[in-house]
Each structure stands twice: as C-alpha cells, then as structure tokens.
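Read top to bottom, the protein sequences are chains A and B. Here the first sequence is numbered in this note's numbering, starting from 6 and rising by one per residue. Here the second sequence is numbered in this note's numbering, starting from 56 and rising by one per residue. Think of the CB as a built atom: it goes at the ideal place given N, C-alpha and C, for glycine as much as any other residue. Worksheet for the structure shown next.
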Amino acid sequence: MEAFFEWFRWLYDETGINLTFVYDAYDRERMIDGFLMTIWLSLVCLFFSVIIGIVGAWLQGSPLKWTRRLVNGYIQFFRNTPPLVQLYFFYFAVGNLLPKVATDYGGEAPLLGNFAWAVISLSFFAGAFNVEIFRAGIEAVPRSTVEAASALGLTRLQTYRHVTLPLAFRVILPALNNNLVNLVKTTTLAYAIAVPEMLYVANQIWSDNVNVPEMMIFLLFAYIALVGILVWSMNRWERSLKIPGFGTS
Amino acid sequence: MTRILNASAAALLLALSFALVAAPVARADIIDVVKKRGVLKVGVKADYKPYGFRDPSGKIVGIEPELAKEVADKLGVKVEFIPVVSSNRMQFLQQGKIDLMIATMTDRPDRRKVVWIVTPNYYSSGTNILAPKKFGFKKWEDLRGKPVCGIQGAFYNKKTGKEFGAKIVAFKGTAEVYNALKAGRCVAFVYDDSALVAQLQSPEWKDYEMPLPTIDDAPWGIAVRHGEKRFHHFMADMIRGWHASGRILELEKKWGVANTPFAKAMHAEWRYFETGK
Numbered sequence: 006m007e008a009f010f011e012w013f014r015w016l017y018d019e020t021g022i023n024l025t026f027v028y029d030a031y032d033r034e035r036m037i038d039g040f041l042m043t044i045w046l047s048l049v050c051l052f053f054s055v056i057i058g059i060v061g062a063w064l065q066g067s068p069l070k071w072t073r074r075l076v077n078g079y080i081q082f083f084r085n086t087p088p089l090v091q092l093y094f095f096y097f098a099v100g101n102l103l104p105k106v107a108t109d110y111g112g113e114a115p116l117l118g119n120f121a122w123a124v125i126s127l128s129f130f131a132g133a134f135n136v137e138i139f140r141a142g143i144e145a146v147p148r149s150t151v152e153a154a155s156a157l158g159l160t161r162l163q164t165y166r167h168v169t170l171p172l173a174f175r176v177i178l179p180a181l182n183n184n185l186v187n188l189v190k191t192t193t194l195a196y197a198i199a200v201p202e203m204l205y206v207a208n209q210i211w212s213d214n215v216n217v218p219e220m221m222i223f224l225l226f227a228y229i230a231l232v233g234i235l236v237w238s239m240n241r242w243e244r245s246l247k248i249p250g251f252g253t254s
Numbered sequence: 056m057t058r059i060l061n062a063s064a065a066a067l068l069l070a071l072s073f074a075l076v077a078a079p080v081a082r083a084d085i086i087d088v089v090k091k092r093g094v095l096k097v098g099v100k101a102d103y104k105p106y107g108f109r110d111p112s113g114k115i116v117g118i119e120p121e122l123a124k125e126v127a128d129k130l131g132v133k134v135e136f137i138p139v140v141s142s143n144r145m146q147f148l149q150q151g152k153i154d155l156m157i158a159t160m161t162d163r164p165d166r167r168k169v170v171w172i173v174t175p176n177y178y179s180s181g182t183n184i185l186a187p188k189k190f191g192f193k194k195w196e197d198l199r200g201k202p203v204c205g206i207q208g209a210f211y212n213k214k215t216g217k218e219f220g221a222k223i224v225a226f227k228g229t230a231e232v233y234n235a236l237k238a239g240r241c242v243a244f245v246y247d248d249s250a251l252v253a254q255l256q257s258p259e260w261k262d263y264e265m266p267l268p269t270i271d272d273a274p275w276g277i278a279v280r281h282g283e284k285r286f287h288h289f290m291a292d293m294i295r296g297w298h299a300s301g302r303i304l305e306l307e308k309k310w311g312v313a314n315t316p317f318a319k320a321m322h323a324e325w326r327y328f329e330t331g332k
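See the structure below:
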C-alpha cells in the first residue's frame, strides 16, 4: 500500500500532477472523510426529502383549506428561493436565534450545528420539488381507481397508502430520479456553511497545495461516480417495479 | 452498466479537452496591454480591514488599494479594483481577470510555481487567533479538539488542524467568520495577526483578545502572471521605492496599524536608495 502511495509522489515529482490526497496521509484522511460526508449528507437528505414529498403530496389533497394553503406556501418559499440563500438564511439568521447550549469545551453554541442545518435546508429544498412531483403522479392515477377503492370502504389514508401511492410511484420515478440527482449535486453548497463535504475538502487541499486542475478533475469524476451509482440503482428499482400500463418498459 | 461506463468515458474526454483549452498561449507584454486599455485591473481584498475593505459607500479602500493606485498612476492609466478572496486570487491572475495581485498573499514556494511573486516582499504578517477572553487560551495546543473558524484557502488552516489538533471550520469570507465566532459556533478565529490587530481596535470586540504567540511570521508577495518579465521588474522597482521612501510605514499610520517590525526593517534596508544613507 505504501508503495502505491509513493508512486503518486513520484508522479508529482516527474510530471507535476499533484494528487496529494493519495500520498499525503493528512490530506488522504481529509478526502476520505469528505467523501463519506458527501455520501452521508446525500443519503440523509434523500431520505427526508422523499418523506417530505410523500407527506406533502398527501396533505395537498387534504379537504382542509388551510392545510392545503400551508403546503403550497411551503412549496412556494422553498422552490422560489436559491438553495444557497436558504442555507445562509438558516445557518446565519435563524440558527443564531436558537437557544444556546453548553458545549463540552466550556463555551455556548447554538442548538443546531452546520450539518443539521444543511440537512434541514437541503431536505426541505428538494422536498418542495418532490411534493410537486408526487402530486403529478397522484393526479395521473385514474379517478375511477380511487373511487373504486373508496367504494370498497377504504379510508382516504388507506387509499393513499395502498392504491394511489403504489401506482403513482411508477409514474413519478423518472422525475423523482432527476430531482434526487440534483439533490446529490446540491449538497456541494453545504461547503458555504463549512460542512466538510467533498467540495469543501477539495477546496482546502487545493488551497494548501495549489493543485486546482487535479482536484477539479478528481471532483468531477467523484461526482460522476456517485451520481452514476444513484442513477443505476434508481433505474434498477424502476424496472423491478414495472407493472403493465405503469412505469417504463 | 455499460451505459454508465460509456458516459464516464465521454466525461473523461470532456475533462481532458478542458485541460487542453486551458493550456497557455503566447501573449503580448502586459504593460503594453494595460497602457493600450488605459485601465490596470488589480485584484485586492474587499474584506480585510485595513488592507483592503469596503467603506460605507461600497468603495474598496485600504492600504493595498492605495498601493495599487500608485502603480496605475506610474503607468499613467486608471485603476480598477477587482475583489478577490484567498481561494481564487491566483486563478484570477492566471486567467487574466486581473493584471496584478496585491491581496495579502503570503509568499510561499509552492505559490511561486503558479504565479510570479515580486521580490522584495512588500509586507509581512504572522498567524494568531481572535478568541473570547473567557476561554483564556495560552498556547496553541489549547485549541486541541475544539472548533476553530478560518478562511477557506488560508495556508495556516492545515497547520492549525494538523499540528495543534483544532477542528477547522472554514468559511468563504471574514463576515461569515465573525458572525459564527460571535454566535459561539467556534472558539477562535485563526487569521493573520495584522488583520486581527485592526479588528481588536473596534469596541465591538472588547471581550476578545489575541492571546497566543504569533507563529509563522512570513512575508507577503505582490504577484504578476508567469512570464511577465517587464512588469515583474517594474513592480520590483515600485516596491523598492515604497520601502525607500517609507511609504509603507506612512500608510500603516494612516490606516491605524502600529508600524510592523518588517516594514521598519525594510525601510532601514532600502533607505539609501533615496537618501544615500
């Protein structure tokens, strides 16, 4: 393993291609942590944004006027503002208003840290789009199917869970796919509030070593790989869910 | 799976073609270009009081903008200030977005590979922290395991993290850092001592201090693009002139910075240029 790392040091000396995150132990550790942070942040945000999408779309169909208005207000707020502005707003404006808690080093810090705010902000951002995506899918389920379900005595929630959502899911997967891919890429914005994800770490490394082109190219490939894996698994899922008349062939 | 592989191959080609496009091409001498254009574009800091910052009207002022203005005057052209930050200043210079960089940049060997740094150095500073007095930090090791704010792209972030074990939380600009420090998101701000001294003069920071011994006292460099030989010579003369006439000391006084040992030493060294003594 050591010889493998040293080969990259040789590569730098010989060609000037400086991949410090391979041969420098400190940079390597940072890069691995950054990579894992990106994956973790993406997974948590993916999870919550889909939950928000499902719940939001259900609430949107609510017979109560104010519930519908509230959901629409949420969608307008998060869809019409840039995600970077939202991150800044949550972290620097809302975050500082929160009650402070004692930290283990004897100081006081606001209740939620940068990772928590990144999750909240990005999940709600992607969630707003997901609500609309889910709504489109739900509206694609034939009215007669829903009526048949209620004729069989299913409640609104039961119909949603067992009839509408499973059918809608097959319609929305391509659009959801798109949005989730976007979400993974949007996690890079978290570097603005110092969440040590991949872009943040790469930025630190290229500032320390002035190897910007190498880090940029590495970043591109890392994201192509990450998003590639996501798209591939979503496509597999899409195919496995296929039923006649719904979903891609 | 093959579809993904094909996509990756296409992306590789794309990345390579970018790398080729970015290869340097022959350029006209920058002094001629600037004179023809009538404007000298200088990259300066806009968030680094008092070296380069925005006054209440939004104009960029400070010690470095004044130096830049003198360069433009000498060339007989107008000056345009382009705000830069630590993480993009060298790239701006390489790409020709700016002709000259006077942006509080520490002169380091690996940076000299990327841009041409003019000797003699025009200024110098070391690293210290700004921290609330209540923590009572005494030595750098006291920062171990604690969150310490920094600026993205500053070289001492790595050292503070690697050697002293601090958890670096780095932001884009100083405004974000000061906000985070005040909110208690970090216990200290690791930065250039020269900037922190100026900050501590304002009453809003009266509960804060700069408690540690300054480390890494290192010279700052003015930079021009690689290969700009004539401009490089021109700037070296400008800097020698500033040191000889005591202009740097004068500007420090004007902007409320105590005269630094470096500026005094350089003045002593180059004084004979003007006075013969």
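Using C-beta distances below 7 Å, list every residue in its chain close to residue 133 of chain A, excluding the 5 sequence neighbours before and after it, in chain order.
By 1-based counting over the first sequence, the position of residue 133 of chain A is 128. Correct list, in chain order: 79, 80, 83 and 84.
Since residue 70 of chain A meets chain B, which of its residues come closer than 7 Å, beta carbon to beta carbon?
The residue labelled residue 70 of chain A in the question sits at position 65 within the first sequence. What residue 70 of chain A touches in chain B: nothing, since even the nearest Cβ is about 39 Å away.
Spatial neighbours of residue 217 of chain A within its chain, please: CB distance less than 6 Å, with the 5 preceding and 5 following residues excluded, ordered by chain position.
Translated into positions along the first sequence, residue 217 of chain A becomes position 212. Here the set comprises 211.
I'd like to know if residue 142 of chain B contacts chain A, where contact means its C-beta is closer than 7 Å to some C-beta of that chain.
Looking up residue 142 of chain B in the second sequence gives position 87. Yes, residue 142 of chain B lies at the interface with chain A (some Cβ there is under 7 Å from its Cβ).
Does residue 135 of chain B come out as helix, strand or coil in the three-state DSSP assignment?
Taking the second sequence and counting its residues from 1, one reaches residue 135 of chain B at position 80. Strand at residue 135 of chain B.
Thinking residue 170 of chain B and residue 280 of chain B are a contact (beta carbons under 8 Å), I'd like their distance in whole angstroms, please.
Within the second sequence, residue 170 of chain B is the residue found at index 115, counting from 1. Within the second sequence, residue 280 of chain B is the residue found at index 225, counting from 1. That pair is a contact at about 7 Å.
Output yes or no for whether 7 Å exceeds the beta carbon distance between residue 198 of chain B and residue 219 of chain B.
For the purposes of this step, residue 198 of chain B is taken as residue 143 along the second sequence, with counting starting at 1. For the purposes of this step, residue 219 of chain B is taken as residue 164 along the second sequence, with counting starting at 1. Contact flag set, yes.
Going straight from the alpha carbon of residue 321 of chain B to that of residue 298 of chain B, what length do you get?
In the second sequence, residue 321 of chain B corresponds to position 266, counting from 1. In the second sequence, residue 298 of chain B corresponds to position 243, counting from 1. Spanning the two alpha carbons is a distance of roughly 6 Å.
Along the chain, where does the beta strand (DSSP E) that runs through residue 247 of chain B open and close?
Locating residue 247 of chain B in the second sequence gives position 192, counting from the first residue. Run containing residue 247 of chain B: 243 to 247, per the beta strand (DSSP E) assignment.
Which runs of the alpha helix (DSSP H) spanning at least 4 residues fall entirely within the region 85 to 119 of chain B, listed in chain order?
Within the region 85 to 119 of chain B, the complete alpha helix (DSSP H) runs of at least 4 residues are 85 to 92.
So the alpha helix (DSSP H) residue 271 of chain B belongs to, where does it begin and stop?
Reading the second sequence from its first residue, position 216 is the one you call residue 271 of chain B. Not the alpha helix (DSSP H): residue 271 of chain B falls in the beta strand (DSSP E), residues 270 to 275.
According to DSSP, is residue 170 of chain B helix, strand or coil?
Along the second sequence, read from residue 1 onward, the residue named residue 170 of chain B stands at position 115. Coil at residue 170 of chain B, not helix or strand.
According to the neighbour-count rule (16 or more other Cβ atoms, all chains shown, within 10 Å of its Cβ), is residue 245 of chain A buried or exposed?
Looking up residue 245 of chain A in the first sequence gives position 240. With fewer than 16 Cβ atoms within 10 Å of its Cβ, residue 245 of chain A is classed as exposed.
Would you say residue 26 of chain A and residue 33 of chain A are within 7 Å of each other, going by their C-beta atoms?
Residue mapping note: residue 26 of chain A aligns to position 21 of the first sequence, counting from 1. Residue mapping note: residue 33 of chain A aligns to position 28 of the first sequence, counting from 1. It is a contact, given that the beta carbons lie within the stated cut-off.
Thinking C-alpha only, which one of A/18, A/121 and A/22 is nearest residue 221 of chain A?
Taking the first residue of the first sequence as 1, we reach residue 221 of chain A at position 216. Residue 221 of chain A has its Cα closest to that of A/22, out of A/18, A/121 and A/22.
So residue 192 of chain A and residue 43 of chain A are in contact, right, with Cβ under 8 Å, and what is the actual spacing, rounded?
As a first step, residue 192 of chain A is located in the first sequence; it is residue number 187 there, counting from the start. As a first step, residue 43 of chain A is located in the first sequence; it is residue number 38 there, counting from the start. Right, their Cβ atoms sit about 6 Å apart.
Please list, in chain order, the chain B residues whose beta carbon lies closer than 9 Å to that of residue 28 of chain A.
For the purposes of this step, residue 28 of chain A is taken as residue 23 along the first sequence, with counting starting at 1. None at all; the shortest Cβ gap to chain B is about 15 Å.
Considering just the uninterrupted stretch of the alpha helix (DSSP H) at residue 219 of chain B, what are its terminal residues?
Position 164 of the second sequence, counting from 1, holds the residue named residue 219 of chain B. Element bounds for residue 219 of chain B: n/a, residue is neither H nor E.
Got a sec, what are the start and stop residues for the alpha helix (DSSP H) residue 229 of chain B sits in?
Locating residue 229 of chain B in the second sequence gives position 174, where the first residue counts as 1. It spans 229 to 238 - the alpha helix (DSSP H) in which residue 229 of chain B sits, taken as one unbroken run.
Does the beta carbon of residue 90 of chain A come closer than 7 Å to any beta carbon on chain B?
Position 85 of the first sequence, counted from the start, is the residue given in the question as residue 90 of chain A. Closer than 7 Å: no.
May I ask you to list, following chain order, the residues of the region 203 to 224 of chain A that have a beta carbon less than 7 Å from some beta carbon of chain B?
The region 203 to 224 of chain A vs chain B, Cβ under 7 Å: 208, 209, 212, 213, 214, 215, 217, 218 and 222.
Please list the segments of the alpha helix (DSSP H) lying wholly inside the region 259 to 310 of chain B, counting only runs of 4 or more residues, in order along the chain.
Listed in chain order, the complete alpha helix (DSSP H) runs (minimum 4 residues) inside the region 259 to 310 of chain B are 284 to 300 and 302 to 309.
Residue 215 of chain A and residue 165 of chain B: beta carbons closer than 7 Å?
Along the first sequence, read from residue 1 onward, the residue named residue 215 of chain A stands at position 210. Along the second sequence, read from residue 1 onward, the residue named residue 165 of chain B stands at position 110. Yes, Cβ-Cβ distance for residue 215 of chain A and residue 165 of chain B is below 7 Å.
What residue from A/203, A/97, A/8 and A/101 has the CA that sits closest to residue 36 of chain A's CA?
Numbered from 1 along the first sequence, position 31 holds the residue referred to as residue 36 of chain A. Checked all of A/203, A/97, A/8 and A/101; the closest Cα to residue 36 of chain A is A/203.
Tell me the DSSP secondary structure of residue 43 of chain A in three-state form.
As a working mapping, residue 43 of chain A is identified with position 38 in the first sequence. The answer is helix: DSSP assigns residue 43 of chain A an H, G or I state.
Would you mind reading off the limits of the alpha helix (DSSP H) that contains residue 228 of chain A?
Residue mapping note: residue 228 of chain A aligns to position 223 of the first sequence, counting from 1. Unbroken alpha helix (DSSP H) run through residue 228 of chain A: 217 to 245.
May I have the straight-line CA-CA distance separating residue 63 of chain A from residue 210 of chain B, to the nearest angstrom?
As a first step, residue 63 of chain A is located in the first sequence; it is residue number 58 there, counting from the start. As a first step, residue 210 of chain B is located in the second sequence; it is residue number 155 there, counting from the start. Between residue 63 of chain A and residue 210 of chain B, the C-alpha separation is close to 51 Å.
Ends of the beta strand (DSSP E) at residue 183 of chain B?
Counted from its first residue, the second sequence places residue 183 of chain B at position 128. Segment 178 to 187, the beta strand (DSSP E) holding residue 183 of chain B.
To the nearest angstrom, report how far apart residue 268 of chain B and residue 138 of chain A are at their CA atoms.
Start at 1 with the first residue of the second sequence, and residue 268 of chain B comes out as number 213. Start at 1 with the first residue of the first sequence, and residue 138 of chain A comes out as number 133. Using only the alpha carbons, I get a separation of about 57 Å.
Among residues of its own chain, excluding the 5 on either side of residue 184 of chain B, which ones have a beta-carbon nearer than 8 Å to its beta-carbon?
Locating residue 184 of chain B in the second sequence gives position 129, where the first residue counts as 1. The residues are 192, 198, 203, 243, 244, 245, 246, 251, 265, 266 and 267.
Helix, strand or coil for residue 22 of chain A? Go by DSSP, reduced to three states.
By 1-based counting over the first sequence, the position of residue 22 of chain A is 17. Reduced to three states, the DSSP call for residue 22 of chain A is coil.
Can you find a C-beta in chain A that's less than 7 Å from the C-beta of residue 297 of chain B?
Position 242 of the second sequence, counting from 1, holds the residue named residue 297 of chain B. False, the Cβ-Cβ gap to chain A never drops below 7 Å.
May I ask you to verify whether the region 227 to 236 of chain B touches the region 277 to 291 of chain B, counting CB pairs closer than 8 Å and requiring at least 3?
In short, these stretches do not touch, since the Cβ pair count stays below three.
Between which residues of its own chain and residue 323 of chain B is the CB-CB distance below 7 Å, once the five residues before and five after are set aside?
Position 268 of the second sequence, counting from 1, holds the residue named residue 323 of chain B. Hits under 7 Å: none found.
Just curious, the beta strand (DSSP E) that residue 202 of chain A is in, first and last residue?
The residue you call residue 202 of chain A lines up with position 197 of the first sequence. Neither: residue 202 of chain A is in no beta strand (DSSP E) and is coded neither H nor E.
Using CA coordinates, which residue listed in B/189, B/156, B/153 and B/142 is at the minimum distance from residue 111 of chain A?
Within the first sequence, the letter at position 106 stands for residue 111 of chain A. The option with the nearest alpha carbon to residue 111 of chain A is B/189.
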